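Trainee:
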Amino acid sequence: MAELQTVEAALAALLRDVTTTPAELLPCEAAAGRVLAEAIEARLDVPAFDNSAMDGYALHHRDAGKRLPIAQRIAAGSPARPLAPGTCARIFTGGEIPPGADCVVMQERVEVEAELAAIPPDIPAGDNVRLRGRDVACGDSLLSAGERLEAAALGHLAGQGITEVMVRRRPRVALLSTGDEIIDPGRPLAPGQIYNSNRPMLRRLIERFGAELTLVASIPDDPAGTRETLGAAALEADLVISTGGVSVGEEDHVKAALESLGQLDLWRLAIRPGKPLALGRLPGREGREVHFVGLPGNPVSCFVGAWIFLRPLLGALQGCPALADLPCLQARADFSTRTGPRRHYMRVVLEFGGDGIVARAFRDQNSGVLSSCISADALAVIPADSRVEPGDPIDCLWLRVE
Ligand code: AMP
Ligand code: MG
946 MAELQTVEAA LAALLRDVTT TPAELLPCEA AAGRVLAEAI EARLDVPAFD
996 NSAMDGYALH HRDAGKRLPI AQRIAAGSPA RPLAPGTCAR IFTGGEIPPG
1046 ADCVVMQERV EVEAELAAIP PDIPAGDNVR LRGRDVACGD SLLSAGERLE
1096 AAALGHLAGQ GITEVMVRRR PRVALLSTGD EIIDPGRPLA PGQIYNSNRP
1146 MLRRLIERFG AELTLVASIP DDPAGTRETL GAAALEADLV ISTGGVSVGE
1196 EDHVKAALES LGQLDLWRLA IRPGKPLALG RLPGREGREV HFVGLPGNPV
1246 SCFVGAWIFL RPLLGALQGC PALADLPCLQ ARADFSTRTG PRRHYMRVVL
1296 EFGGDGIVAR AFRDQNSGVL SSCISADALA VIPADSRVEP GDPIDCLWLR
1346 VE
C-alpha cells in the first residue's frame, strides 16, 4: 500500500500557482472583511493639528504658576487665534492648541476668580497636547496590500477621508455534494437517507474565510451527470468543492469526471480525521484554471479539512497572508491519547488559567461525531506515532478567528 502523505505536501500542492482574484474598487462602507489589493499611504496627518487631550486651559509653560487672563475660548471644531504671552485660553478636548501655547492644564486643577485662571506651577511643555501627526504622519504607510479590512482599519481609512478602496473580489465557490443518501432538510427522510450537514457548515466557513458561495448543487450519481455538473460549476467559480465520494476503492464518478475534464490528484493523507483528499484543476471561463478540492463526506472530516485546506487556499486567492496559518497556542493536555501513523487533529476546548492554557478534549473524537466540533475552540495537533499524557504540552490551532 502506498505511503500516507503529509498535510504539508498536500498544502504545498494546493497552493502552487494560485492567482489572486481580480481587484475591484469598492466604497469603504461595502469593503468590510475584504482584502486590500493596494498599499495605502497616509495623505493627511492624524491628528491634523495639535489639539487638547483635556477640557482645561491652554498656555505657554513659562506662564505656569501665574494668574492668567482668559483671552479666548476654543471648542473642538472652532479655529484658534494666536495666544499672547501672559494669557491663557479656555480649551475643550479636541480643540486646536493656539499658536503661542504649548501645554494644557486640566480644568480640575485650575481656580478661576475674577476672570483670572490660577495655573499651578511646573507644567511641562507638551502636557495634555496631542501632537499633529502623532497617530499617522502624511506619507506614512497606513495599510498594506493583503490586509483584511476589519474595524480599526476601516476607521483608519475614514480618518484619512478615504471613501473607496481597491480590494480583491471575493473568491467564488461552487459547493457540490455527492452521495445518493444525502438529502436537504425540509424533506422527510426515507430509510437509509441522511440530511446534508456539510452544505450549511461549509457555507458558513467559506463565508468566514472571505469567499462567497455562488453555486450549490448535488452531483448526480452517474458519469455523464457528474461531468456536466463539474464542468458547469467550473464556469461559475474560482474554486469548486465537492464533499464525499473520494474514499479509496469507491466507485467514484468525481474522479473519472475530473480526470477527463481537467486533472486530479488523489491524496491519502496521514491525518485523522479525513484521510482521503482530492486536489485538482478544472477548465474555467476564458481559459482560466479553476481549483478543485474534494473533501471527504464525513462532516467532521469536512470541518477539519475546511480549516486546514480551504482557509489557506481562499486566503491565497485573496492575497491575504493572515488566512494562511491558524494561530498556534501551546496548551497542556488534560487527556491521554496515542496516535498511529496518522496525525490527529483533536477537537478541544481551551481553558485560559493563571498557569497557562489547558486543552480539554471532547469525549468522543470519532470522525463521525459532529458534536465534537460544536464547541471546539481549537484543533489540537497530535503528531503521528506519539503519545500524550495529561499535563503534556500540545500545539492547538485556534479556531476562534475569521
Ligand atoms: P463518503 O466520503 O462519501 O464515503 O462519505 C462518508 C460518510 O459521510 C458517509 O457516512 C456519508 O453518508 C457521510 N456524508 C457524506 N456527505 C455528507 C453530507 N453532505 N452530510 C452529512 N453526511 C455526509
Ligand atoms: Mg459517499
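Numbering of the sequence shown is given in this note's numbering, commencing with residue 946 and proceeding in unit increments.
Glycine included, each C-beta is placed from N, C-alpha and C at the ideal position.
Everything numeric in this text was worked out from a predicted model, so none of it was measured.
Could you name the residues of the same chain whose beta carbon sits closer than 6 Å to that of Glu969, not counting the 5 residues immediately before and after it, in chain order?
Mentor: Within the sequence shown, numbered from 1, the residue matching residue 969 stands at position 24. Cβ within range, chain order: Arg1114.
Trainee: Is the beta carbon of Asp990 closer than 7 Å to that of Cys1083?
Mentor: Position 138 of the sequence shown, counted from the first residue, corresponds to residue 1083. Position 45 of the sequence shown, counted from the first residue, corresponds to residue 990. The answer is yes: Cβ separation under 7 Å.
Trainee: Using the beta-carbon count (16 or more within 10 Å), is Gly1239 buried or exposed?
Mentor: Taking the first residue of the sequence shown as 1, we reach residue 1239 at position 294. When all chains shown are included, Gly1239 counts as buried.
Trainee: Based on the DSSP output, what are the partners of Pro1221 in its beta bridges?
Mentor: Locating residue 1221 in the sequence shown gives position 276, counting from the first residue. BP columns for Pro1221 point to Arg1213.
Trainee: Nearer than 6 Å: is that true of the beta carbon of Gly1124 relative to any heavy atom of ligand 2?
Mentor: For the purposes of this step, residue 1124 is taken as the residue at position 179 of the sequence shown. Indeed, a heavy atom of ligand 2 lies less than 6 Å from the Cβ.
Trainee: With a threshold of 6 Å (Cβ to nearest heavy atom), would Gly1239 be considered close to ligand 1?
Mentor: Translated into the one-based positions of the sequence shown, residue 1239 becomes position 294. Flag unset: Cβ of Gly1239 not near ligand 1.
Trainee: Given 6 Å as the limit, tell me if Gly1106 has its C-beta closer than that to any heavy atom belonging to ligand 2.
Mentor: Here residue 1106 refers to the residue found at position 161 of the sequence shown. Not under cutoff, so the answer is no.
Trainee: Let me know the secondary structure DSSP gives Thr1188 once reduced to three states.
Mentor: In the sequence shown, the residue the question calls residue 1188 occupies position 243. In the structure shown, Thr1188 sits in a strand (DSSP, three-state: E or B).
Trainee: Here's the rule I'm using: 16 or more other beta-carbon atoms within 10 Å means buried, otherwise exposed. How should Val980 be labelled?
Mentor: The residue labelled residue 980 in the question sits at position 35 within the sequence shown. Classification of Val980: buried, given that the 10 Å Cβ count is 16 or more.
Trainee: Helix, strand or coil for Thr1171? Go by DSSP, reduced to three states.
Mentor: The count along the sequence shown starts at 1 and reaches residue 1171 at position 226. It is helical.
Trainee: Does Leu1076 pass the burial test, meaning 16 or more other C-beta atoms within 10 Å, or should it be called exposed?
Mentor: Working through the sequence shown from its first residue, we reach residue 1076 at position 131. Under this definition Leu1076 is an exposed residue.
Trainee: In three-state DSSP terms, what is Glu1334?
Mentor: Within the sequence shown, numbered from 1, the residue matching residue 1334 stands at position 389. Note: Glu1334 maps to coil in three-state DSSP.
Trainee: Does the distance from the C-beta atom of Pro1335 to that of Ala1278 stay below 7 Å?
Mentor: Counting from 1 along the sequence shown, the entry for residue 1335 is found at position 390. Counting from 1 along the sequence shown, the entry for residue 1278 is found at position 333. Going by C-beta atoms, Pro1335 is nearer than 7 Å to Ala1278.
Trainee: DSSP beta-bridge partners for Asp1080?
Mentor: Within the sequence shown, the letter at position 135 stands for residue 1080. The secondary-structure analysis by DSSP pairs Asp1080 with nothing; it has no beta-bridge partner.
Trainee: Is the region 1139-1154 in contact with the region 1196-1216, if contact means three or more CB pairs nearer than 8 Å?
Mentor: no
Trainee: Three or more C-beta pairs closer than 8 Å, one from the region 1259-1267 and one from the region 1088-1105: is that the case here?
Mentor: Yes, since at least three Cβ pairs between the region 1259-1267 and the region 1088-1105 fall closer than 8 Å, the two stretches touch.
Trainee: Mark Thr966 as exposed unless 16 or more other C-beta atoms lie within 10 angstroms of its C-beta, in which case mark it buried.
Mentor: Walking along the sequence shown from the start, residue 966 turns up at place 21. Classification of Thr966: buried, given that the 10 Å Cβ count is 16 or more.
Trainee: What I want to know is whether the C-beta of Pro972 ends up closer than 6 Å to one or more non-hydrogen atoms of ligand 1.
Mentor: Within the sequence shown, residue 972 is the residue found at index 27, counting from 1. Pro972 Cβ: outside cutoff for every heavy atom of ligand 1.
Trainee: Within 10 angstroms of its Cβ, does Gly1229 collect 16 or more other Cβ (buried), or is it exposed?
Mentor: For the purposes of this step, residue 1229 is taken as the residue at position 284 of the sequence shown. Classification of Gly1229: buried, given that the 10 Å Cβ count is 16 or more.
Trainee: Does the separation of the CB atoms of Asp1085 and Ala987 fall below 7 Å?
Mentor: As a working mapping, residue 1085 is identified with position 140 in the sequence shown. As a working mapping, residue 987 is identified with position 42 in the sequence shown. Yes, these two residues count as a Cβ contact at 7 Å.
Trainee: How do the region 1169-1189 and the region 1286-1294 stand: do at least 3 beta-carbon pairs fall below 8 Å, yes or no?
Mentor: Using a Cβ-Cβ distance cut-off of 8 Å, the region 1169-1189 and the region 1286-1294 are not in contact, since fewer than three pairs of beta carbons, one from each stretch, lie closer than that value.
Trainee: Where do the N-terminal and C-terminal ends of the alpha helix (DSSP H) with Pro1145 fall, by residue?
Mentor: Your numbering for residue 1145 matches position 200 in the sequence shown. It spans Asn1143 to Arg1153 - the alpha helix (DSSP H) in which Pro1145 sits, taken as one unbroken run.
Trainee: Would you call the region 1172-1185 and the region 1108-1124 in contact, with 3 or more CB pairs under 8 Å?
Mentor: yes
Trainee: Just grab the DSSP bridge partners of Leu941 for me.
Mentor: The structure shown does not extend to residue 941, since the chain spans only 946 to 1347, so no value can be given for it.
Trainee: Does the beta-carbon distance from Thr1171 to His1198 come in below 7 Å?
Mentor: Locating residue 1171 in the sequence shown gives position 226, counting from the first residue. Locating residue 1198 in the sequence shown gives position 253, counting from the first residue. Yes, the pair counts as a contact, with Cβ atoms nearer than the cut-off.
Trainee: Hey, would you say Ile1064 sits closer than 7 Å to Leu1013, going by beta carbons?
Mentor: In the sequence shown, the residue the question calls residue 1064 occupies position 119. In the sequence shown, the residue the question calls residue 1013 occupies position 68. Yes, the Cβ-Cβ distance between Ile1064 and Leu1013 is below 7 Å.
Trainee: Buried or exposed: Pro1218, going by 16 or more other Cβ atoms within 10 Å of its Cβ?
Mentor: Stepping through the sequence shown from its first residue, residue 1218 is reached at position 273. Flag for Pro1218 reads buried.
Trainee: The beta strand (DSSP E) with Ala1034 in it runs from where to where?
Mentor: Here residue 1034 refers to the residue found at position 89 of the sequence shown. Counting along the chain, the beta strand (DSSP E) containing Ala1034 begins and ends at Cys1033 to Ile1036.
Trainee: Just tell me which of Leu1342, Leu1262, Pro1244 and Leu1274 has its CA closest to the CA of Val963.
Mentor: Residue numbering aside, residue 963 sits at position 18 when the sequence shown is read from its first letter. It is Leu1262.
Trainee: Does Gln1208 pass the burial test, meaning 16 or more other C-beta atoms within 10 Å, or should it be called exposed?
Mentor: Locating residue 1208 in the sequence shown gives position 263, counting from the first residue. Taking a 10 Å sphere around the C-beta of Gln1208, we find fewer than 16 other C-beta atoms and assign the residue as exposed.
Trainee: Enumerate, from N- to C-terminal direction, the unbroken alpha helix (DSSP H) stretches of 4 or more residues contained entirely within the region 1056-1130.
Mentor: 1096-1104
Trainee: Using only alpha-carbon positions, find the residue among Ala1021, Gln1017, Asp1340 and Ala1103 that is nearest to Ala977.
Mentor: Here residue 977 corresponds to residue number 32 of the sequence shown, with the count starting at 1. Here the closest residue by C-alpha is Ala1103.
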